[in-house]
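As structure tokens, the structure follows; a few thoughts come after it.
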Amino acid sequence: MKWDEFFVTGEPMIYAAMVSIVLVSVAIVAGLTYFKKWGYLWRNWLTTVDHKKIGVMYIIAALLMLFRGGVDALLMRAQTAVPDNGLLDGQHYNEIFTTHGLIMILFMAMPFIIGLMNVVIPLQIGARDVAFPRLNAVSFWLFFFGAMLLNLSFVIGGSPDAGWSAYFPLASSEFSPTVGNNYYSLSLQIAGIGTLMTGINFLVTILKMRAPGMTLMKMPMFTWSILITSVIIIFAFPVLTVALALMMLDRQFGTQFFAMQNGGMDMLWANLFWVWGHPEVYIVILPAFGIYSEIISTFARKNLYGYKSMVVSMVAISLLSFLVWVHHFYTMGHGVMVNSVFSITTMAIAVPTGVKIFNWLFTLRKGKISFTSPMLYALAFIPIFTIGGVTGVMLAMASADYQYHNTMFLVAHFHYVLIPGTVFAVIAGYHYWFPKVFGFRLNEKLAKWAFWFIAISFNVTFFPLFILGLNGMTRRMYTYSASTGYGPLNMLSMVGAVGLTIGFLLLVYNIYWSTRYAKRDTTGDPWDGRSLEWSTPSPVPEYNFAKTPVVTKLDAFWFSKKENTSLTEGEYEPIHMPNNNGQPFIMGVAFFFFGFFMVFSWWIPAIIAGLVVLGTMAYRTFEKDHGHHIPVDEIERTEKALRGEQS
Amino acid sequence: MKAKWFLISVFFTLSLILSGCDNSLLVFDPKGPQAKTLSDTIIFSIVMMAGILLVVYILYTFMLVKYRASKTDENYEPPHEEGSKWLEITWTIIPIIIVIVLSVVTVRTTSEVENKPVAYANEEPLVIYASSSNWKWHFSYPEEGIETVNYVNIPEDRPIEFRLYSYGPITSFWIPQLAGQKYAMSDMVTTIHLAAETPGSYVGKNSNFNGKDFAHMEFEAQVLTDKDYEEWVEDVKETAPALTESEFDELLEPSVLGRKTYSSTHLEFRPAPEGEHAGHHHGGSDEETDTTHDMHMEDHK
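Here it is in structure tokens:
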């Protein structure tokens with residue numbers, strides 16, 4: 001292989017990206033050295049097993065990915081803003097929409113949610129950590145290095161270019177001969193293993209580590225949503241693991257599972273992909289429902305309306321999510337019977353989803369609604385998501401789908417579901433729980449400006465796409481002629497995309513502003529919250545709860561405040577905590593190199609990196625590490641300091 | 648105020664989409680019975696959905712206007728409400744009824760468009776094989792013994808049966824004003840039934856991404872009167888060259904081409920993957936597999 005095949009050449013934008021990557025890396029290394037922060041970074045972050053810090057790292061990575069995916073999105077909208085545009089060529093455009101989809105779903109939405117659940121779940125259930133703290137660190141580093149591997153592709157070797165669904169035979173080595181889709185199979189595989197372990201970890205955490213008295217039906221709704229999401233992850237991700245492994249064998253080892261020769265079945269890939277891919281949609285949307293439930297009831301100052309039916313509808317959605325994957329290819333020609341069955345199961349999802357919408361509306365009734373920044377996102381979610389929902393029902397009708405399939409109508413629909421559903425939710429959750437983690441609130445005024453930019457620009461960007469779809473514009477077209485008449489609406493959409501960019505930039509500026517100037521919160525409960533996480537001081541000490549709370553009902557913390565009772569009793573006792581450990585990080589690095597060498601089919605270095613991975617696992621099995629205890633006087637000191645009392 | 652902003656933007660855009668109906672959005676401008684069925688189905692579903700949106704938006708506006716903190720008494724403490732069995736049953740049952748109605752419509756219209764148009768039930772359809780290769784469409788008329796590339800002429804008022812397959816990645820065959828789309832795949836043949844009732848030229852395209860020049864994979868579907876169609880066929884038979892196997896192999900090479908016309912079809916030497924040529928052959932029972940292991944996609948059977 002020659003160097004010009006190794007590096008991506010001939011693209012000015014990519015040269016600029018290479019230069020900036022190098023400069024940023026140098027700046028980071030120099031900065032860390034100058035300020036002598038290497039030790040701090042290693043001890044406090046890279047080796048941490050604290051669920052809150054892992055959550056923060058997930059969220060930082062997700063925000064970075066939001067911008068990477070956002071730049072892709074902006075380039076796509078810029079390219080299609082005018083007919084016959086020459087900003088990007090076909091190949092570059094194909095790579096951009098592929099990585100946009102992959103990054104936004106797998107390396108932005110999901111990690112953001114996993115980040116929030118890492119921060120919040122143990123706090124909400126009154127636990128000191130997750131069930132398997134070190135496994136949690138492994139999960140994070142696998143996600144992180146999987147994401148880095150995919151991001152490396154656009155400067156080294158070339159990005160995947162067969163769409164985020166990577167349909168065969170297009171994604172086979174015959175039609176996609178570059179290494180791009182090797183990156184696809186390997187980076188998703190590495191990150192996916194991490195996600196699967198997160199699912200197991202949180203299922204066990206929620207089932208086994210709840211505070212005394214917290215029965216399943218007394219859990220906060222966000223915890224419920226994560227419990228159900230974890231179950232979906234555990235059932236769905238093994239399918240992805242297998243599909244990606246078969247893809248890798250097809251592309252790099254000459255098998256013919258999906259590729260065209262010798263009886264490979266292209267639609268088998270489509271089936272496996274969507275058997276995972278459809279539940280994946282609910283993996284990113286159900287936690288959002290949980291976040292909104294928390295926020296709406298907090299800022300309406302009311303308990304959640306119809307708690308039981310909320311739980312039942314979420315369970316129903318999780319079951320149905322596995323029964324609808326065929327609606328992604330109604331047009332495959334499997335006839336009236338199959339299409340009808342899947343139409344009906346798909347439309348059925350609208351029923352439990354509708355139940356939830358009405359329950360949220362009735363939570364607002366007789367409430368006392370305050371329009372804080374998290375609440376604004378939650379309130380904007382209802383009308384916008386409903387459009388996404390009803391267009392989903394329209395798409396679910398197989399016959400009608402023959403006219404929408406693969407068009408901009410579909411693109412508009414899933415952005416109307418995913419952005420108000422998932423993106424608004426994680427941003428809302430991020431504003432909501434930010435003071436819990438850092439001890440101060442983000443600036444409300446800046447946050448509201450960002451909100452209005454995002455909410456309005458979102459509609460400007462994506463509503464035109466419904467109309468374009470009905471006018472026959474298909475998705476993934478890198479160019480079109482002026483005679484199609486698609487120009488003006490695409491231009492409008494571009495204007496919206498610029499507005500969205502401004503909104504997201506304000507979001508980040510707010511972090512800088514608030515870190516410097518925001519007033520510190522000493523109550524631990526800045527929003528007058530309802531669930532247990534607000535009973536701890538902010539920022540939360542590493543052990544979470546100095547004394548384990550005892551729960552008697554739903555929203556126990558809310559009632560303890562109203563009735564002026566305490567959730568805890570007894571004396572402080574020494575707290576047992578796990579030790580920090582560097583192996584998860586080392587394992588992640590080894591996985592990264594394993595993936596990288598595999599992408600280029602450099603077998604010997606790949607085998608060596610693979611052995612390092614196995615070595616870390618072997619080392620772990622022989623290691624004795626019983627953690628450490630935090631003594632009582634240290635707990636007392638920490639609690640006093642954090643609650644703003646003088647010791 | 649905030650709620651109103653949303654309502655305004657939403658209603659503005661909604662009215663835009665509905666006003667599109669009497670304009671000329673391709674999907675709402677059908678030129679044949681199958682596309683008409685789909686257009687009617689879509690408009691029906693939009694009306695139903697607009698009703699649902701209306702209910703949600705009215706409730707939403709009411710809640711936000713009435714129960715905002717700035718309008719309530721400072722000492723007002725919201726009540727504790729577990730929920731209401733009857734209300735929750737109501738908003739479960741009504742969506743179920745809506746889904747049932749839509750399901751009936753879906754099943755009925757799906758079976759309608761998957762079969763020969765009702766009005767032409769007794770007529771023999773004109774069979775046209777439409778196969779895709781990167782990045783072009785090949786149309787074979789076995790009945791007439793002719794073949795075209797990147798354009799298809801069809802007679803009006805006659806049922807047409809398109810049989811779709813692919814010589815490469817999955818594509819989706821779509822003429823929005825005549826019928827809904829369907830996939831063309833390498834190992835099986837799928838079918839679209841349609842009829843065209845107004846002579847004219849219609850846009851046809853591939854809507855499933857298949858690589859670099861996907862955006863250029865369009866074709867013209869021209870509906871001709873019976874007489875014009877007959878004349879065109881005669882003309883092709885007399886003037887166009889025959890399609891040889893080697894020329895067809897060249898056509899299969901990835902490229903973007905203009906139109907081509909031939910007085911024979913590729914079906915004789917490259918039959919479609921149907922009947923005994925159908926796909927899903929697992930293993931080497933087929934004696935040809937040994938001799939065709941060169942990587943040419945067209946050798947796939």
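Chains as they are written, first to last, in the working numbering: chain A, 1 to 647; chain B, 648 to 948. No residue lacks a Cβ here, since even glycine has one placed at the ideal position from N, Cα and C.
(request) Excluding the 5 residues preceding and the 5 following Ile419 (chain A) in the sequence, name in chain order all residues of the same chain whose CB lies nearer than 7 angstroms to its CB. (result) In the first sequence, the residue the question calls residue 419 (chain A) occupies position 419. Counting only Cβ-Cβ distances below 7 angstroms, and skipping sequence neighbours, we find Phe458.
(request) Could you run through the segment 295-327 of chain A and flag, in chain order, every residue whose CB is less than 8 angstroms away from some CB of chain B? (result) Ala300, Arg301, Lys302, Asn303, Tyr305, Gly306, Tyr307, Lys308 and Ser309
(message) Using only CA atoms, which one of B:Ser778, B:Val751, B:Val674 and B:Ala766 lies nearest to Met864 (chain B)?
(response) Here residue 864 (chain B) refers to the residue found at position 217 of the second sequence. Looking at the Cα atoms, B:Ser778 is the closest of the given residues.
(message) Using C-beta distances below 7 angstroms, list every residue in its chain close to Glu533 (chain A), excluding the 5 sequence neighbours before and after it, in chain order.
(response) The sequence position of residue 533 (chain A) within the first sequence is 533, counting from 1. Only Val120, Leu123, Gln124 and Lys436 meet the Cβ criterion.
(message) Helix, strand or coil, according to DSSP, for Val870 (chain B) in the structure here?
(response) The sequence position of residue 870 (chain B) within the second sequence is 223, counting from 1. Residue state, collapsed to three classes: strand.
(request) Report yes if the C-beta distance between Thr837 (chain B) and Ala831 (chain B) is below 8 angstroms; otherwise report no. (result) Working through the second sequence from its first residue, we reach residue 837 (chain B) at position 190. Working through the second sequence from its first residue, we reach residue 831 (chain B) at position 184. For Thr837 (chain B) and Ala831 (chain B), yes; Cβs fall inside 8 angstroms.
(message) Check whether chain B comes within 8 angstroms of Asn471 (chain A), counting only Cβ atoms and requiring the distance to be less than that.
(response) Working through the first sequence from its first residue, we reach residue 471 (chain A) at position 471. Judged by the 8 angstroms Cβ criterion, Asn471 (chain A) is in contact with chain B.
(request) For Trp603 (chain A), count neighbouring C-beta atoms within 10 Å of its own C-beta (all shown protein chains included) and say buried if the count is 16 or more, exposed if not. (result) One-based indexing of the first sequence puts residue 603 (chain A) at position 603. Classification for Trp603 (chain A): exposed.
(request) Determine the burial state of Ala309 (chain A): buried for a count of at least 16 other Cβ atoms within 10 Å of its Cβ, exposed for fewer. (result) The residue given as residue 309 (chain A) occupies position 309 in the first sequence. This sequence places Ser at residue 309 (chain A); Ala is not what is there. Result: buried.
(request) Report buried or exposed for Ala766 (chain B), applying the criterion of at least 16 other Cβ atoms within 10 angstroms of its Cβ. (result) Looking up residue 766 (chain B) in the second sequence gives position 119. It counts as exposed.
(message) Within a Cβ cutoff of 7 angstroms, which residues of the same chain sit near Phe144 (chain A), ignoring the five residues on either side of it in sequence?
(response) As a first step, residue 144 (chain A) is located in the first sequence; it is residue number 144 there, counting from the start. Counting only Cβ-Cβ distances below 7 angstroms, and skipping sequence neighbours, we find Ala61 and Gly588.
(request) Assuming Val179 (chain A) contacts Gly146 (chain A) (C-beta within less than 8 angstroms), just tell me the rounded distance between them. (result) In the first sequence, the residue the question calls residue 179 (chain A) occupies position 179. In the first sequence, the residue the question calls residue 146 (chain A) occupies position 146. Contact flag wrong, Cβ pair sits at about 16 angstroms.
(message) Is it buried or exposed, Gly847 (chain B), if we count other Cβ atoms within 10 angstroms and call 16 or more buried?
(response) The residue labelled residue 847 (chain B) in the question sits at position 200 within the second sequence. So Gly847 (chain B) counts as exposed.
(request) Taking all protein chains shown into account, decide if Asp555 (chain A) is buried (16 or more other Cβ within 10 angstroms of its Cβ) or exposed. (result) In the first sequence, residue 555 (chain A) corresponds to position 555, counting from 1. It counts as buried.
(request) Evaluate contact between the segment 253-261 of chain A and the segment 561-577 of chain A, counting only Cβ atoms and requiring at least three cross-stretch pairs below 8 angstroms. (result) no
(request) Determine the chain B residues that contact Val390 (chain A) at a beta-carbon separation under 7 angstroms, and present them in chain order. (result) Taking the first residue of the first sequence as 1, we reach residue 390 (chain A) at position 390. Ordered by position in chain B, the residues that pass the 7 angstroms Cβ test against Val390 (chain A) are Met696, Ile699 and Leu700.
(message) Tell me the DSSP secondary structure of Pro846 (chain B) in three-state form.
(response) Indexing the second sequence from 1 puts residue 846 (chain B) at position 199. Of the three classes helix, strand and coil, the one that applies to Pro846 (chain B) here is coil, per DSSP.
(message) Run through chain A and tell me which residues come within less than 9 angstroms of Ile775 (chain B), C-beta to C-beta.
(response) Sequence index remark: in the second sequence, residue 775 (chain B) carries index 128 (1-based). What Ile775 (chain B) touches in chain A: nothing, since even the nearest Cβ is about 16 angstroms away.
(message) Along the chain, where does the alpha helix (DSSP H) containing Gln189 (chain A) start, and where does it finish?
(response) Translated into the one-based positions of the first sequence, residue 189 (chain A) becomes position 189. Unbroken alpha helix (DSSP H) run through Gln189 (chain A): Gly180 to Lys208.
(message) Taking the alpha helix (DSSP H) that Asn94 (chain A) belongs to, which residues open and close that run?
(response) To locate residue 94 (chain A), count along the first sequence from 1; it is residue 94. Start and end: Gly90 to Leu102.
(request) Pull out every residue of the segment 173-193 of chain A whose Cβ sits closer than 7 angstroms to any Cβ of chain B, in chain order. (result) Glu174 and Phe175
(message) Whole angstroms are fine: how far does the CA of Glu897 (chain B) sit from the CA of Phe409 (chain A)?
(response) Here residue 409 (chain A) refers to the residue found at position 409 when the first sequence is read from its first residue. Here residue 897 (chain B) refers to the residue found at position 250 when the second sequence is read from its first residue. Cα to Cα, Phe409 (chain A) sits roughly 36 angstroms from Glu897 (chain B).
(message) When you compare the CB of Pro383 (chain A) with every CB in chain B, is at least one pair closer than 8 angstroms?
(response) Here residue 383 (chain A) is taken as the residue at index 383 of the first sequence, counted from 1. Pro383 (chain A) counts as touching chain B.
(request) Give the range of the beta strand (DSSP E) segment to which Gln828 (chain B) is assigned. (result) Start at 1 with the first residue of the second sequence, and residue 828 (chain B) comes out as number 181. Taken as a continuous stretch (DSSP letters only), the beta strand (DSSP E) holding Gln828 (chain B) covers Ala826 to Ala831.
(request) For my contact list, Asp129 (chain A) and Pro578 (chain A) are in at a C-beta cut-off of 8 angstroms; report their separation, rounded to the angstrom. (result) As a working note, residue 129 (chain A) is residue 129 in the first sequence. As a working note, residue 578 (chain A) is residue 578 in the first sequence. Their Cβ separation, rounded to whole angstroms, is 7 angstroms, which keeps Asp129 (chain A) and Pro578 (chain A) in contact under 8 angstroms.
(message) Which runs of the alpha helix (DSSP H) at least 4 residues long sit entirely within the segment 849-907 of chain B? Give them in chain order.
(response) 873-886 and 892-899
(request) Please state if the CB of Met332 (chain A) and the CB of Met659 (chain A) are separated by a distance shorter than 8 angstroms. (result) Since the first and last residues shown for chain A are 1 and 647, residue 659 (chain A) lies out of range.
(request) Check each residue of the segment 826-841 of chain B: if its Cβ is closer than 8 angstroms to any Cβ of chain A, include it; give the result in chain order. (result) Ala826, Gly827, Gln828, Lys829, Tyr830, Met832, Ser833, Asp834, Met835, Thr837 and Thr838
(message) Could you tell me the alpha carbon to alpha carbon distance between Ser321 (chain A) and His431 (chain A), rounded to whole angstroms?
(response) Locating residue 321 (chain A) in the first sequence gives position 321, where the first residue counts as 1. Locating residue 431 (chain A) in the first sequence gives position 431, where the first residue counts as 1. When rounded, the distance between both Cα atoms is 29 angstroms.
(message) Measuring straight from C-alpha to C-alpha, what distance separates Gly126 (chain A) and Ala396 (chain A)?
(response) Sequence index remark: in the first sequence, residue 126 (chain A) carries index 126 (1-based). Sequence index remark: in the first sequence, residue 396 (chain A) carries index 396 (1-based). Whole-angstrom Cα-Cα distance: 41 angstroms.
(message) Taking the alpha helix (DSSP H) that His278 (chain A) belongs to, which residues open and close that run?
(response) For the purposes of this step, residue 278 (chain A) is taken as residue 278 along the first sequence, with counting starting at 1. First-last of the alpha helix (DSSP H) with His278 (chain A): Asp266 to Phe299.
(request) Using a cut-off of 7 angstroms between C-beta atoms, extract the partners of Gly335 (chain A) located in chain B. (result) For the purposes of this step, residue 335 (chain A) is taken as the residue at position 335 of the first sequence. What Gly335 (chain A) touches in chain B: Glu761.
(request) Could you tell me which residues DSSP pairs with Met577 (chain A) in its beta bridges? (result) As a working note, residue 577 (chain A) is residue 577 in the first sequence. Answer by DSSP bridge pairing, in chain order: A:His628.
(request) Mind listing the chain E neighbours of Gln91 (chain A)? Cutoff is C-beta to C-beta under 7 angstroms, in chain order. (result) Absent from the structure is chain E; the protein chains it does hold are A and B.
(request) Pick out whichever of A:Asn443, A:Ile382, A:Arg210 and A:Arg301 has its Cα sitting closest to the Cα of Pro726 (chain B). (result) Sequence index remark: in the second sequence, residue 726 (chain B) carries index 79 (1-based). When only C-alpha atoms are compared, the closest one is A:Arg301.
(request) Would you tell me roughly how many angstroms separate the C-alpha atoms of Val550 (chain A) and Tyr517 (chain A), rounded to the nearest one? (result) Counting from 1 along the first sequence, the entry for residue 550 (chain A) is found at position 550. Counting from 1 along the first sequence, the entry for residue 517 (chain A) is found at position 517. Roughly 37 angstroms between the two C-alpha positions.
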